[in-house]
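Participant: According to mature numbering (1 follows the signal peptide of the UniProt record, and there is no 0), the residues represented by the sequence shown are -23 to -1, 1 to 619, in order.
Have a look at this one before I ask anything.
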Amino acid sequence: FSFLQERLRYMLGLLLLLHSTNSFYVPGVAPINFHRNDPVEIKAVKLTSSRTQLPYEYYSLPFCQPSKITYKAENLGEVLRGDRIVNTPFQVSMNVEKKCEVLCNFPNKPVTLTVEQSKLIAERIREDYYVHLIADNLPVATRLEFYSNREEEEKKKEKDVQFEHGYRLGFMDGNKFYLHNHLSFILYYHREDVEESQEHTYRVVRFEVIPQSIKLEDLKADEKSMCTLPEATGSAPQEIDPTKENQLLFSYSVHWEESDIKWASRWDTYLTMSDVQIHWFSIINSVVVVFFLSGILSMIIIRTLRKDIANYNKEDDIEDTMEESGWKLVHGDVFRPPQYPMILSSLLGSGIQLFCMILIVIFVAMLGMLSPSSRGALMTTACFLFMFMGVFGGFFAGRLYRTLKGHRWKKGAFCTATLYPGVVFGICFVLNCFIWGKHSSGAVPFPTMVALLCMWFGISLPLVYLGYYFGFRKQPYDNPVRTNQIPRQIPEQRWYMNKFVGILMAGILPFGAMFIELFFIFSAIWENQFYYLFGFLFLVFIILVVSCSQISIVMVYFQLCAEDYRWWWRTFLVSGGSAFYVLIYAVFYFVNKLDIVEFIPSLLYFGYTALMVLSFWLLTGTIGFYAAYMFVRKIYAAVKID
């Protein structure tokens, strides 16, 4: 057992090492070298809150604006995430300090917020919004220091430092709202080695902010937009009263520090942000337990089967003195086509499409090509891959449909190309209408929606048809036994052979293998964390495939032993049982981890969760179905049947 743990630790180490190799630069994210006094542009990304799940663009609030607002051209993933990257009026130059400077260019004339604007800011503060800025593509972070539960003596020496993404828009004290109107930027640079005659070049390696709330009267500003910050003890915060107009100044300061961090590892700070240390031990244990259970299941099934096959073949040698029993009895019906073969093959085609997409995305991300520094790359890649994997989805669906004695291949191909994507598009469109109503930047703009529809009908649909055509023309799967003319009667089944009981039993093992990982994925989606452990996710995905296949084989074996040959649909449903547990976990996460109270954020959460559960069910159901189908063909090919 300890040897197994050592091997696993070695494998995990290797995967993580693979992941963390930053020696090559991914296209599009090469380092930018700055000279002293070069402008370092600070851009705004969006405002987010884990309480409302609705991102807003930066200028939806009355912040100071530059003379000309320019939005960065975005990729598909950024648009879907709600990022709207825009320039800001902050003037920052490489390695040039700024004590305190007023924004909006009129220091003697404070910014006046109308009652409407004050109300909006107060509401955003109450909803716990964070502001996200970037400098040289690095997101801003707020440093949090606290003492960990170490021994008393060590406490004095060491503080635990963590970072949270962005900075809080403001804070509440009782029923009063305070806005963070002064930002102290702390930028870290790494000095690059150059020859003596050349000028030094610098690279930005960290971007921190200390937000402060300073009352208008305490910020002393002069004609040149310079200001002096009050003493920390004597200053009062800037209150925002939502019932009347408010006057305030927006200001900022810039401080530069040299750092030893190399450019290649500048993202490490952000990736170790999550406050939950990954419990390697529990992860390794779940891996070991799954392999252990899988081993036991395989041994039992293989031994039982060998005995069964030996008995059946022996019975054939002696005359039929003993009456047949068990799975051999249903040999004349086991390959009888099920009801609705077109829908079944369409769902399995979509499952294959999802499987190929997820496998490639995780593998590419594991090699470090979809790092968080290339924003939206993961989502863009996933969308395009799903479209292009339509060829494989169509091929497998077409071949299975032909095997199930289907004839209308054109209708079948259309069904494959539109059934699952249609459901996804429908749910997303309804949710999008609600987000539009809230004027959030998370709403997919109309042109993007048209572009997605064009991709669906212009790329995915023709590719599915192409795959389906070749799959349907190919020789159908070879079933080792003939199907009888008249279907045999199915004996009454025990209570534990019920579909729902099967789903509950079959879902536990695959879900147990991945639920720790699920926590991190949910945190990444709903709490604006970065998810980066793709090396480990790849391992979990392989374990998921193995456990789904084995559970599915065990379930179909028990079903055939109970002389019930209607296994096609049932295997597909039961293998996706872990999706039911994912749904329960999502409800648990919503109740315990998120403090969402409003209707629309709750609707968004459960809408997107429904999509995740549906996709997960298709994925695991497909894996289980193909494993069971191969198993059934193998065992019936091994027995002699007259």
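Beta carbons are placed, not taken as given, at the ideal position from N, Cα and C, and that holds for glycine.
Using only the alpha-carbon positions, how far apart do M203 and Y165 sit?
Facilitator: Taking the sequence shown and counting its residues from 1, the one referred to as residue 203 is at position 226. Taking the sequence shown and counting its residues from 1, the one referred to as residue 165 is at position 188. M203 and Y165: Cα-Cα distance of roughly 23 angstroms.
Participant: Of the choices T380, L355 and S418, whose alpha-carbon is the least far from that of Y33?
Facilitator: For the purposes of this step, residue 33 is taken as the residue at position 56 of the sequence shown. For the residues T380, L355 and S418, the minimum Cα distance to Y33 belongs to S418.
Participant: Starting from S500, follow the alpha helix (DSSP H) in both directions and report where the run begins and ends.
Facilitator: For the purposes of this step, residue 500 is taken as the residue at position 523 of the sequence shown. Looking at the DSSP string, the run of the alpha helix (DSSP H) that includes S500 is K476 to W503.
Participant: P4: buried (16+ other C-beta within 10 angstroms of its C-beta) or exposed?
Facilitator: Within the sequence shown, residue 4 is the residue found at index 27, counting from 1. Legend: pLDDT at P4 = 42, less than 50; position of this residue unreliable, no value from coordinates given.
Participant: How many whole angstroms separate the CB atoms of T25 and H109, which I take to be in contact at a CB cut-off of 8 angstroms?
Facilitator: By 1-based counting over the sequence shown, the position of residue 25 is 48. By 1-based counting over the sequence shown, the position of residue 109 is 132. Contact flag correct, Cβ pair sits at about 7 angstroms.
Participant: Just the Cα atoms here: how many angstroms apart are H159 and F492?
Facilitator: On the sequence shown, position 182 is the one that residue 159 refers to. On the sequence shown, position 515 is the one that residue 492 refers to. Straight-line Cα distance between these residues: approximately 42 angstroms.
Participant: Roughly how many angstroms separate the alpha carbons of I46 and S552, rounded to a whole number?
Facilitator: Here residue 46 is taken as the residue at index 69 of the sequence shown, counted from 1. Here residue 552 is taken as the residue at index 575 of the sequence shown, counted from 1. Cα to Cα, I46 sits roughly 52 angstroms from S552.
Participant: Counting beta carbon pairs with one atom in the segment 481 to 497 and one in the segment 553 to 568, are three or more of them shorter than 8 angstroms?
Facilitator: They touch, by the three-pair rule.
Participant: Is the segment 464 to 478 touching the segment 342 to 357, taking contact as three or more C-beta pairs under 8 angstroms?
Facilitator: The segment 464 to 478, when compared against the segment 342 to 357, does not touch it at the 8 angstroms Cβ threshold.
Participant: Cutting at 7 angstroms between CB atoms, please list the residues of its own chain near V368, excluding the five before and the five after it.
Facilitator: For the purposes of this step, residue 368 is taken as the residue at position 391 of the sequence shown. Here the set comprises L440, L443 and G444.
Participant: Is it a yes or a no for the segment 512 to 520 touching the segment 561 to 575, going by three-plus beta-carbon pairs under 8 angstroms?
Facilitator: No: fewer than three Cβ pairs fall under 8 angstroms.
Participant: Can you grab the Cα-Cα spacing for the pair residue 621 / P318, in whole Å?
Facilitator: Outside the displayed span of the chain (-23 to 619) sits residue 621, for which this structure offers no information.
Participant: Under 9 angstroms, do I111 and F184 count as touching if we go by C-beta distance?
Facilitator: Start at 1 with the first residue of the sequence shown, and residue 111 comes out as number 134. Start at 1 with the first residue of the sequence shown, and residue 184 comes out as number 207. Their beta carbons are under 9 angstroms apart, which means I111 touches F184 by this criterion.
Participant: Just how far apart, CA to CA, sit G328 and C525?
Facilitator: For the purposes of this step, residue 328 is identified with residue 351 of the sequence shown, where counting begins at 1. For the purposes of this step, residue 525 is identified with residue 548 of the sequence shown, where counting begins at 1. Using only the alpha carbons, I get a separation of about 14 angstroms.
Participant: Please name the residue in P16, I217 and L408 whose C-alpha comes closest to that of A420.
Facilitator: Counting from one through the sequence shown, the residue named residue 420 turns up at place 443. Among P16, I217 and L408, the Cα nearest to that of A420 belongs to L408.
Participant: Taking the C-alpha atoms as reference points, what is the distance between Q452 and V427?
Facilitator: For the purposes of this step, residue 452 is taken as residue 475 along the sequence shown, with counting starting at 1. For the purposes of this step, residue 427 is taken as residue 450 along the sequence shown, with counting starting at 1. Spanning the two alpha carbons is a distance of roughly 38 angstroms.
Participant: Compute the minimum distance between the beta carbon of V551 and the heavy atoms of the ligand ATP, and state whether it is under 8 angstroms.
Facilitator: The model depicted lacks the ligand ATP and carries no ligand whatsoever.
Participant: On the DSSP bridge assignment, give the partners of Q224 in chain order.
Facilitator: Here residue 224 corresponds to residue number 247 of the sequence shown, with the count starting at 1. Beta-bridge pairing links Q224 to T89.
Participant: Considering just the uninterrupted stretch of the alpha helix (DSSP H) at residue 648, what are its terminal residues?
Facilitator: Absent from the structure is residue 648, since the part of the chain shown begins at -23 and ends at 619.
Participant: By the 10 Å Cβ neighbour count, where 16 or more other Cβ atoms means buried, how is M149 classified, buried or exposed?
Facilitator: Your numbering for residue 149 matches position 172 in the sequence shown. Looking at its Cβ environment, which holds fewer than 16 other Cβ atoms inside 10 Å, M149 is exposed.
Participant: Closest by CA to I19, which one among N52, Y613, L31 and P43?
Facilitator: Here residue 19 is taken as the residue at index 42 of the sequence shown, counted from 1. If we check each option's Cα against that of I19, P43 comes out closest.
Participant: Can you tell me whether DSSP reads S45 as helix, strand or coil?
Facilitator: Position 68 of the sequence shown, counted from the first residue, corresponds to residue 45. Looking at the sequence itself, residue 45 is Lys, so the reference to Ser does not match. Coil, per DSSP.
Participant: With 16 as the cutoff for other CB atoms within 10 Å, does Y(-14) come out buried or exposed?
Facilitator: Position 10 of the sequence shown, counted from the first residue, corresponds to residue -14. A caution first: Y(-14) carries a pLDDT of 44, below 50, which makes its placement in the model unreliable, though a value can still be read off. Y(-14) is exposed by the Cβ-count criterion.
Participant: With a threshold of 16 other CB atoms inside 10 Å of the CB of F227, please say whether the residue is buried or exposed.
Facilitator: Position 250 of the sequence shown holds residue 227. Per the 10 Å Cβ criterion, buried.
Participant: So, under 8 angstroms CB-CB, S579 and T548 are touching, yes? Tell me the CB distance rounded to an integer number of Å.
Facilitator: For the purposes of this step, residue 579 is identified with residue 602 of the sequence shown, where counting begins at 1. For the purposes of this step, residue 548 is identified with residue 571 of the sequence shown, where counting begins at 1. Not really, about 34 angstroms apart at Cβ, beyond 8 angstroms.
Participant: Measuring straight from C-alpha to C-alpha, what distance separates S322 and L377?
Facilitator: Within the sequence shown, numbered from 1, the residue matching residue 322 stands at position 345. Within the sequence shown, numbered from 1, the residue matching residue 377 stands at position 400. Those two C-alpha atoms are separated by around 6 angstroms.
Participant: Spell out the partners DSSP gives E185 in its beta bridges.
Facilitator: Walking along the sequence shown from the start, residue 185 turns up at place 208. For E185, which the question treats as bridged, DSSP gives the partners A118 and I163.
Participant: Taking the alpha helix (DSSP H) that I337 belongs to, which residues open and close that run?
Facilitator: As a working note, residue 337 is residue 360 in the sequence shown. It spans P318 to M343 - the alpha helix (DSSP H) in which I337 sits, taken as one unbroken run.
Participant: On the premise that N461 lies in contact with G303, defined as a C-beta separation below 8 angstroms, what is that separation, rounded to the nearest angstrom?
Facilitator: Start at 1 with the first residue of the sequence shown, and residue 303 comes out as number 326. Start at 1 with the first residue of the sequence shown, and residue 461 comes out as number 484. G303 to N461, Cβ: 17 angstroms. No contact.
Participant: So, at 8 angstroms on beta carbons, what are the nonlocal neighbours of Q316 in its own chain, with the 5 sequence-adjacent residues on each side left out?
Facilitator: As a working mapping, residue 316 is identified with position 339 in the sequence shown. Within the same chain, Q316 has close Cβ partners W546.
Participant: Taking 9 angstroms as the threshold (C-beta atoms), are Q224 and V88 in contact?
Facilitator: The residue given as residue 88 occupies position 111 in the sequence shown. The residue given as residue 224 occupies position 247 in the sequence shown. Yes. Within cutoff.
Participant: Let's see if you can read the secondary structure: which residues bound the alpha helix (DSSP H) around L57?
Facilitator: Stepping through the sequence shown from its first residue, residue 57 is reached at position 80. Where L57 is concerned, the enclosing alpha helix (DSSP H) stretches over L53 to R58.
Participant: Hey, how far is the Cα of P457 from the Cα of R61?
Facilitator: For the purposes of this step, residue 457 is taken as the residue at position 480 of the sequence shown. For the purposes of this step, residue 61 is taken as the residue at position 84 of the sequence shown. So the two alpha carbons sit approximately 58 angstroms from each other.
Participant: Between the C-alpha atoms of G345 and C392, what's the straight-line distance to the nearest angstrom?
Facilitator: Taking the first residue of the sequence shown as position 1, residue 345 is located at position 368. Taking the first residue of the sequence shown as position 1, residue 392 is located at position 415. If I take the Cα positions, the gap works out to 36 angstroms.
Participant: Which word fits F1, buried or exposed, when buried means at least 16 other C-beta atoms lie within 10 angstroms of its C-beta?
Facilitator: On the sequence shown, position 24 is the one that residue 1 refers to. Confidence at F1 is low in this model, with a pLDDT of 38, below 50, so its placement is unreliable and the value that follows should be read with caution. Exposed: under 16 other Cβ atoms inside 10 Å.
Participant: Could you tell me the boundaries of the beta strand (DSSP E) in which A359 lies?
Facilitator: By one-based count along the sequence shown, residue 359 stands at place 382. From DSSP, A359 is part of no beta strand (DSSP E) but of the alpha helix (DSSP H) over A354 to F365.
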